[in-house]
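Quick mapping for you: the protein sequence lines, in order, are chains R and G. With positions in the first sequence counted from 1, the corresponding number in the working numbering is that position plus 45. With positions in the second sequence counted from 1, the corresponding number in the working numbering is that position plus 836. We treat Cβ as the ideally placed atom computed from N, Cα and C, and that holds for glycine.
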Amino acid sequence: MADNIKTKTEAKTKKQRIITDVALIILLAVIAGGAYFFWLFSRNAGAYAVVYIDGEEVARYPLDTNIEVTFSTYDGRSFNTLVIRDGKADVTDAGCPDRICVNMRSISFEGETITCLPNKLVVKIEGGESPGVDLP
Amino acid sequence: MKSMNEKSKSATNKGVINNKSKHKNKSKQNSQKISTKKLTELSIFTSVAMILSYVEALLPSVGVPGVKLGLANIAVIFILYRFGWREAAAVSLVRVLLVSLLFGSIPAMIYSIAGAMLSLIVMVLLKRTDTFSSVGVSVAGGVSHNAGQVATAAFMLGAKEIAYYMPVLVISGIVAGILVGLCGAALIKYVKN
C-alpha cells in the first residue's frame, strides 16, 4: 500500500518533470530559431573576406575577385587554403587534423565566419565600405 | 532475488545518508575517508567517460564545429545523480584533462574545460531546483557546453562573430542532450549497485 502511494507520487513528479523538460527544450529551440531568423533577415552582403590568424588580421580580399591563397600557421606545420570565387569565400584545403573548416560551407554575408580552431585561423566576411577604400 | 534487491536499496540509502551527513559538517569531511568502493566506481566511470570521448572522436564530424553528441556526459550525469556534484566535477575534470593529454592538444583542452565546467555548473544548479528530469538537466548541460566553447573560441580568436553559430549549436545541444539524458536516465534507473 505504502509502495503504491509512493510510486503514484513519483509518477506524478515524473510527469511534471517531463513537462518542464519539454518546456525547457521548446524555450531553447524558440530562442535559437528566433536568433537564426533574425540573423537571416538582417544580414547584409559582405564586401571583403578578412583573414585573421591568432586574432590578428593578416589579409583582406575584396569578394569580387577570384583568388586562391594558402596561409601557413606561424609554426609552419599546418596550412589553410582560401578560395574566393563568385563572390563567396571558402576554405578548400587545410592541414589541421579535423578539417572542419574545409567541410564548412562557403560564406558571403557580413559577419559570417569560417573558423579553424587548431590553426587559430578565422576567415570573416566584412562589409559596408565600397571596394577601393582599402582600410589598413 | 528480491532480498538481494532490497539489500542493494538499503545500501544505496545508507550511501545517501552518509553523503548528507558529510555535507552538513565540513570539519568531519576531511577526516572521513573515501570508501574503496566509491573510489573504484568513480575510477570506472572516469574511464568509461574517457572511452566514450574516444569513441566519439572516431565518429565522422558533421561539418559544423562543436556539433557532437557529448557521450561522455552520460557518465557525468550518472555520477551527478548517484553521488553528487563534487564527484561529478572531479570525474568531468579528470576526464577532460586525460583525454586532452592523450588524444588532443592544449588549445583543445582549454575549450573542453570551459565547456565541461560551464555545463557542469548549469547541470548542478538545474538539478538542485528539482524541477527537471535528467533529460532536461542534460539538455541544459549540452547547450551550455556549446555556449561555453563558443564563448571561449570568440574570446581566444578575438572574433565575436563566432556567436553566429550559436543557433545551430543550441539545436545540436538540445538533440544531443535528449539522447544523453535518456541514456543517463536508463543508467540511473537500472544500475542500482
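The Cβ of S941 (chain G) sits closer than 8 Å to at least one Cβ of chain R.
Of the residues assessed, F82 (chain R) falls on the exposed side of the cut-off, its CB having fewer than 16 other CB atoms within 10 angstroms. In this structure, the alpha-carbon of I915 (chain G) lies about 37 Å from that of L166 (chain R). P896 (chain G) sits in coil when the DSSP states are folded into three classes, being neither helix nor strand.
Judged by pairs of C-beta atoms under 8 Å, the stretch 963 to 981 of chain G touches the stretch 1015 to 1022 of chain G, as three or more such pairs exist.
Under the 8 Å criterion on CB atoms, L72 (chain R) is classed as non-interfacial with respect to chain G. If you look at C161 (chain R), you'll find it in the beta strand (DSSP E) that goes 158 to 161. In this structure, DSSP gives R150 (chain R) a state outside helix and strand, which the three-state scheme calls coil. Rounded to whole angstroms, the separation of the alpha carbons of T110 (chain R) and A90 (chain R) is 15 Å. Annotation: the stretch 91 to 120 of chain R contains the following complete segments of the beta strand (DSSP E) (minimum length 3 residues), in chain order: 93 to 98, 101 to 107, 112 to 117.
When C-beta distances to chain R are compared with 9 Å, the residues of the stretch 1000 to 1023 of chain G below that value are Y1000, Y1001, M1002, P1003, V1004, L1005, V1006, I1007, G1009, I1010, G1013, I1014, G1017, in chain order.
Near chain R, meaning a CB-to-CB distance below 7 Å, the residues of the stretch 960 to 982 of chain G are T967, F968, S969, V971, G972, V975, A976, V979. Following the DSSP letters along the chain, one finds T967 (chain G) in no alpha helix (DSSP H), marked with neither H nor E. Taking one beta carbon from each stretch, the stretch 74 to 88 of chain R and the stretch 1004 to 1011 of chain G have 3 or more pairs nearer than 8 Å; the two touch. For E892 (chain G), not one C-beta of chain R is nearer than 8 Å to its own C-beta. Per DSSP, the unbroken beta strand (DSSP E) holding L166 (chain R) starts and ends at 166 to 171. Assigned with DSSP and collapsed to three states, I870 (chain G) falls in coil, not helix or strand.
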